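Here the structure comes first, spelled out in structure tokens, and everything after it is commentary.
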Amino acid sequence: MLTEQGIKFEDNSSEDRLIRQNLLAVSIVELNENVWTTRTTDSRTYGCEVIPAKENIGVIDKMPTEPPGQWHWVPNNPYDIITGACEINSWSFITMSNHSVLNVSLILVVLYLVMALVDRRTKTVKFKKAEE
């Protein structure tokens with residue numbers, strides 16, 4: 000499928016699965032032009048940054064290891080899972096931004112209502128004076 004799209008690569012089928020996938024990725028970067036990859040960053044940049052792969056081959060060229068054989072449960076507070084507090088720790092600036100927008104919106108609505116009441120009161124007073 001890759002060769003049909005014009006992508007050049009070297010395949011070494013004698014290696015085991017994890018090393019082979021790493022060698023395939025490196026050969027794609029070295030044998031083709033205009034290959035890009037991502038580097039993990041902080042949550043403010045959506046978790047990754049797009050970078051040229053040839054200049055940053057170290058990001059791709061790392062020896063993979065087998066995943067750990069045993070999965071371990073990490074106990075956590077169920078209330079944090081229900082409320083989403085576990086996920087929000089790294090995104091707290093977004094929640095603060097949302098609170099700020101809600102506060103400003105609330106202030107604007109209250110000011111509009113006060114202005115409408117004042118306007119209605121002034122019109123009523125002017126109407127009563129005009130009748131007298």
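Per numbering that gives the first Met the number 0: the sequence shown = residues 0 to 131. Ideal Cβ placement from N, Cα and C applies to all residues, glycine included. These numbers come from a predicted model, not from an experiment.
Contacts around residue i, its chain only, beta-carbon distance under 7 Å, and the 5 residues preceding and following it disregarded
| i | result |
| --- | --- |
| Leu1 | Phe8 |
| Leu51 | As written in the sequence, residue 51 is Pro, which differs from the Leu given in the question. Only Trp35 meet the Cβ criterion. |
Bridge-paired residues (DSSP) for residue i
| i | result |
| --- | --- |
| Ile50 | Thr36 |
Nearest-angstrom Cα separation, counted from residue j out to residue i
| i | j | result |
| --- | --- | --- |
| Arg119 | Leu110 | 14 Å |
| Glu131 | Lys122 | 14 Å |
| Val25 | Asp41 | 25 Å |
| Tyr45 | Ser104 | 27 Å |
| Thr39 | Val58 | 10 Å |
| His98 | Ser13 | 57 Å |
| Val100 | Glu54 | 41 Å |
| Glu3 | Ile27 | 14 Å |
| Val124 | Asn102 | 33 Å |
| Phe126 | Leu112 | 21 Å |
Nonlocal neighbours in the same chain, by C-beta distance under 6 Å from residue i, ignoring five residues either side
| i | result |
| --- | --- |
| Ile49 | Here residue 49 turns out to be Val, not Ile, going by the sequence shown. Trp35 and Thr37, listed in sequence order. |
| Leu22 | Asn11 |
Continuous alpha helix (DSSP H) stretch holding residue i: start and end
| i | result |
| --- | --- |
| Gln20 | Arg16 to Leu30 |
| Gly57 | Ile56 to Ile59 |
CB contact flag (residue i, residue j, <7 Å)
| i | j | result |
| --- | --- | --- |
| Asn31 | Ile56 | no |
Same chain, Cβ closer than 8 Å to residue i, five either side skipped, listed in chain order
| i | result |
| --- | --- |
| Val117 | none |
| Arg19 | Asp10, Asn11 and Ser12 |
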